[in-house]
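J.: Could you have a look at this structure, given as structure tokens, before my questions?
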Amino acid sequence: MNDYERIEKAMDYMVAHAAAQPKLEAVAAHVHLSAFHFQRLFCRYVGISPKRFLQALTLERGKQLMASSSSLLDIAHTLGLSGGSRLYDHFVQLDAVTPGEHKRQGQGVEIAYGVHATLLGSLFVAVTPRGICRMGFVDATSADELLARLGKEWPLSTLHHDPDATRFAVEALFNRSGDASATLSLHVTGTNFQIAVWRALLTIPEGQLASYSHIAQALGTPKSSRAVGNAVGANPIALWIPCHRVIQQSGALGGYRWGPTKKQMVQAWELATVNNESLSPMATS
1020 MNDYERIEKA MDYMVAHAAA QPKLEAVAAH VHLSAFHFQR LFCRYVGISP
1070 KRFLQALTLE RGKQLMASSS SLLDIAHTLG LSGGSRLYDH FVQLDAVTPG
1120 EHKRQGQGVE IAYGVHATLL GSLFVAVTPR GICRMGFVDA TSADELLARL
1170 GKEWPLSTLH HDPDATRFAV EALFNRSGDA SATLSLHVTG TNFQIAVWRA
1220 LLTIPEGQLA SYSHIAQALG TPKSSRAVGN AVGANPIALW IPCHRVIQQS
1270 GALGGYRWGP TKKQMVQAWE LATVNNESLS PMATS
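Residues in the sequence shown are numbered from 1020 upward in steps of one, following my numbering.
Here's what the structure looks like:
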């Protein structure tokens, strides 16, 4: 078991036992480390202590984050703009696939893809010349499924395995030492409503949360919370389009394409990014 796997396994354990707020020794034993060595490893890779991570998993914490976000979140103001937003210390530009591109079904487009190990789990990344088109958490078998789905979405494109070409998408998330003025582009396929929802997600501040009804109201369609939830669930780019920041109005977690455990892990990890300019390096695989 490498360090990334230990961190992911420890996070899984803490999420599963969050209500009991397990002791440091219990979590450390779960990943076969002493409490001392586990504390150091967790702080080094995640940027916060295991205790703080556990505190971030409580329902009350979710309610506090959502309440404080209400004064910060002004989604509607930005929706008529270009779709750009600051995210993870980068300027993120979301561009929709044009009707012409959709009609050509990816003909002449080369798509590079790769799988990269991170402290949150392995990430499948695919990029076109215009930007990141797919990013999602995978395991040993689901990477092939995601690749097949990508091929159906871009049936006439050329897919080639090139982790060197996709590594930037993950490095930019976990390493904050790069050029923060550079634009990171997302190249996505979706309906007009889905695109509007995904652009709205880009405006939720890091470390904050919003409800599905928040998003619906900001879009000017207050009765569309269910449709917003469907669009959030269809998000093709994990993390960069932060669907993990959307929860239920009650403070309950809500759904997540990659499971509730992963959603809580990502939310708690972001607490570290709020107060730390630099996080751990990603794996090179």
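Where is the CB? At the ideal position from N, CA and C, for every residue including glycine.
Is it right to say L1138 is buried, meaning 16 or more other beta carbons lie within 10 angstroms of its own, or is it exposed?
T.: Buried, since its Cβ has 16 or more Cβ neighbours within 10 Å.
J.: Taking Cβ to Cβ, would you say G1150 is nearer than 8 angstroms to H1233?
T.: Cβ atoms of G1150 and H1233: not closer than 8 angstroms.
J.: Starting from the Cα of P1224, find the closest Cα among A1271, C1262 and E1190 and give me that residue.
T.: Comparing Cα-Cα distances from P1224 to each of A1271, C1262 and E1190, the minimum goes to C1262.
J.: Name the DSSP beta bridge partners of E1129, please?
T.: Answer is T1177.
J.: Going by Cα to Cα distance, which pick from V1285, P1279 and T1202 is closest to D1114?
T.: The option with the nearest alpha carbon to D1114 is T1202.
J.: Please confirm if the segment 1206 to 1222 is in contact with the segment 1247 to 1263, defined as three or more CB-CB distances below 8 angstroms between the two stretches.
T.: Counting Cβ pairs under 8 angstroms, three or more are found: they touch.
J.: Taking 8 angstroms as the threshold, find out whether the segment 1233 to 1250 comes into contact with the segment 1188 to 1195 through three or more Cβ pairs.
T.: Touching, no, given that fewer than three Cβ pairs across the two stretches are closer than 8 angstroms.
J.: Going by CA-CA distance only, name the one from A1039, Q1213 and A1219 that's closest to V1111.
T.: Closest option to V1111, Cα to Cα, is A1219.
J.: How about L1316 and I1130: do their beta carbons lie closer than 8 angstroms?
T.: Outside the shown range of the chain (1020 to 1304) lies residue 1316, about which nothing can therefore be said.
J.: Residue range of the alpha helix (DSSP H) that H1233 falls in?
T.: H1233 -> alpha helix (DSSP H) spans Y1231 to A1237.
J.: Would you identify the three-state DSSP class for G1066, choosing helix, strand or coil?
T.: Looking at G1066 - three-state DSSP - the assignment turns out to be coil, as it is neither helix nor strand.
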